[in-house]
Each structure stands twice: as C-alpha cells, then as structure tokens.
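Visitor:
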Amino acid sequence: MAKILYSCTASLDGFIAGPGGDMSWLTDLIGPNPAVADVIAEIGALLIGNRSFRGDDPHRGTEKEGKAFGGGWDGPQFVVTHHVPEMSVPEVTFVGDVASGVAAAKAAAGDKYVNVIGADIARQCLAAGVLDEVLVMTAPILLGDGVRLFDHPGGTRVRLERIAVSHAPLATNQRFRVRG
Numbered sequence: 000m001a002k003i004l005y006s007c008t009a010s011l012d013g014f015i016a017g018p019g020g021d022m023s024w025l026t027d028l029i030g031p032n033p034a035v036a037d038v039i040a041e042i043g044a045l046l047i048g049n050r051s052f053r054g055d056d057p058h059r060g061t062e063k064e065g066k067a068f069g070g071g072w073d074g075p076q077f078v079v080t081h082h083v084p085e086m087s088v089p090e091v092t093f094v095g096d097v098a099s100g101v102a103a104a105k106a107a108a109g110d111k112y113v114n115v116i117g118a119d120i121a122r123q124c125l126a127a128g129v130l131d132e133v134l135v136m137t138a139p140i141l142l143g144d145g146v147r148l149f150d151h152p153g154g155t156r157v158r159l160e161r162i163a164v165s166h167a168p169l170a171t172n173q174r175f176r177v178r179g
C-alpha cells in the first residue's frame, strides 16, 4: 500500500519558495544529493498542488524545465485544481480535491510512495490524516519571505519522529515519520 511523502527543499528559515512563488533561489543549490536519488527511486506517483504545477521552475530555460525532479523521475502525476486546463498534459491527471487525488495517486503508486509537491497540498494531506512522512532538504540560504514549508494560521503542533538524517554538499537532509 502506498504511503504519502511530502518532500521538498527549504531555506534555513523555512521557505520552500521565495516571494511570489519564486524558485530561482534553488537553481544554484541543485546538486548531487544521495537522499534525493534514493527518494526518486521510491516514488510511484506525484500529487501536486495547482500553484506548484503552474508555478516557477528552478530549471527554467534549460532542457529540464517542466520535468519532475528536473527529468530525474517519470510517471503518473495528479494535480489538484479547480481550473483544469483545456489542453491535456502527458501523464498528468487533474483532480478536483485532495481526497480524490490521494486515492488516485495511491492506486497508481502501488507499493511505492506518493510524493507530494506543494506546501498547501501537504498541509491538506496532514489535516486529512493521510500524510505519512516528510523529507526536508535544508539548503544553506535565508530567504526572509515566501511560501513556508508548513503554514497553519493560528498555529498547530504536529509531532514528528526523525527516521533519517544525512548530509550532501548543498543540503542537510532530514526524514520524519508523522506521529500526529
């Protein structure tokens, strides 16, 4: 049975995108990372938020632009949106809500992980009690503003259990199990 994993790179001050969803800060920080290679091999499907799907790409202007993990992964993708584009996108299915997206992505992933891309979709998965793990690659940069790794107005506490930590030249990787 597929598990749901939220993986992302975050600045040291907790942002996964800069102001306005800017991802250009990540371009210079993409490099070899065994934790990323390992997680890519574990992914069976992606569950993506609409803003992430339509948003900025750290690979903009290269042959890797628009490809999951810069072309390092290929497979079924499920985008949660209320605004389905008129043109189809290969290997992308548009779904109207997180519950149907989770169900479809889990079915497609088989016994591999569903990787969540997008802070709001991850927050919704957490609220629904379906998020199993979080993998954060912390980059050595401070952004000061932008899209937070986890944002819950009014605050909330979510207990995590660290299950792995490793270091790469451009990131410190921490993997957690969601405990509730």
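Read in order, the letters of the sequence shown correspond to residues 0 to 179 in numbering that gives the first Met the number 0.
For each residue, glycine too, the CB sits at the ideal point set by N, CA and C.
Beta carbon of L28, beta carbon of L169: below 8 Å?
Guide: Residue 28 sits at position 29 when you count from the first residue of the sequence shown. Residue 169 sits at position 170 when you count from the first residue of the sequence shown. For L28 and L169, yes; Cβs fall inside 8 Å.
Visitor: Name, in chain order, the residues that DSSP records as bridge partners for L4.
Guide: By 1-based counting over the sequence shown, the position of residue 4 is 5. In DSSP, L4 forms a bridge with N114, E132.
Visitor: Can you tell me which of H166, I140, K111 puts its alpha carbon nearest to the alpha carbon of I3?
Guide: Residue numbering aside, residue 3 sits at position 4 when the sequence shown is read from its first letter. Among H166, I140, K111, the Cα nearest to that of I3 is on K111.
Visitor: Between the alpha carbons of G43 and A107, how many angstroms are there, rounded?
Guide: Counted from its first residue, the sequence shown places residue 43 at position 44. Counted from its first residue, the sequence shown places residue 107 at position 108. The straight-line gap from Cα to Cα measures roughly 7 Å.
Visitor: Determine the burial state of R158: buried for a count of at least 16 other Cβ atoms within 10 Å of its Cβ, exposed for fewer.
Guide: Position 159 of the sequence shown, counting from 1, holds the residue named residue 158. R158 should be labelled exposed.
Visitor: State the Cα-Cα distance for the pair F14 and A118, rounded to the nearest angstrom.
Guide: Position 15 of the sequence shown, counted from the start, is the residue given in the question as residue 14. Position 119 of the sequence shown, counted from the start, is the residue given in the question as residue 118. Straight-line Cα distance between these residues: approximately 10 Å.
Visitor: Per DSSP, which residues does N172 bridge with? Please list them.
Guide: Counted from its first residue, the sequence shown places residue 172 at position 173. M136, S165.
Visitor: In terms of alpha-carbon separation, which member of T137, V113, P139, F77 lies closest to D131?
Guide: Mapped onto the sequence shown, residue 131 falls at position 132. Measuring from the Cα of D131, the nearest candidate turns out to be V113.
Visitor: By Cβ distance below 6 Å, which residues in the same chain neighbour A163 in space, the five residues on each side in sequence not counted?
Guide: If you number the sequence shown from 1, residue 163 lands on position 164. Excluding residues within five positions, the ones whose Cβ falls inside 6 Å are R174.
Visitor: To the nearest angstrom, how far is the alpha carbon of G109 from that of M86?
Guide: Translated into the one-based positions of the sequence shown, residue 109 becomes position 110. Translated into the one-based positions of the sequence shown, residue 86 becomes position 87. Those two C-alpha atoms are separated by around 28 Å.
Visitor: If we ignore side chains and look at the alpha-carbon of each, how far apart do P75 and A126 end up?
Guide: Counting from one through the sequence shown, the residue named residue 75 turns up at place 76. Counting from one through the sequence shown, the residue named residue 126 turns up at place 127. Between P75 and A126, the C-alpha separation is close to 24 Å.
Visitor: Just checking my contact of F149 with R122 at CB under 8 Å: how many whole Å lie between their CB atoms?
Guide: Residue mapping note: residue 149 aligns to position 150 of the sequence shown, counting from 1. Residue mapping note: residue 122 aligns to position 123 of the sequence shown, counting from 1. So it is a contact: roughly 6 Å between Cβ atoms.
Visitor: Which residue marks the beginning of the alpha helix (DSSP H) containing A107, and which one marks its end?
Guide: Position 108 of the sequence shown, counted from the first residue, corresponds to residue 107. Looking at the DSSP string, the run of the alpha helix (DSSP H) that includes A107 is 97 to 108.
Visitor: Given a cut-off of 8 Å, decide if I39 and F77 are closer than it, judged by their beta-carbon atoms.
Guide: Translated into positions along the sequence shown, residue 77 becomes position 78. Translated into positions along the sequence shown, residue 39 becomes position 40. No, these two residues do not count as a Cβ contact at 8 Å.
Visitor: Under 6 Å Cβ to Cβ from P18, same chain only, skipping five residues before and after it: list those, please.
Guide: For the purposes of this step, residue 18 is identified with residue 19 of the sequence shown, where counting begins at 1. Once the five neighbours on either side are set aside, the close Cβ partners of P18 are D144, G145.
Visitor: Just checking my contact of V79 with N49 at CB under 8 Å: how many whole Å lie between their CB atoms?
Guide: Looking up residue 79 in the sequence shown gives position 80. Looking up residue 49 in the sequence shown gives position 50. Right, their Cβ atoms sit about 6 Å apart.
Visitor: Considering only residues of the same chain and omitting the five flanking positions on each side of G71, which have a CB-CB separation below 7 Å?
Guide: Taking the sequence shown and counting its residues from 1, the one referred to as residue 71 is at position 72. So the qualifying residues of the chain are I39.
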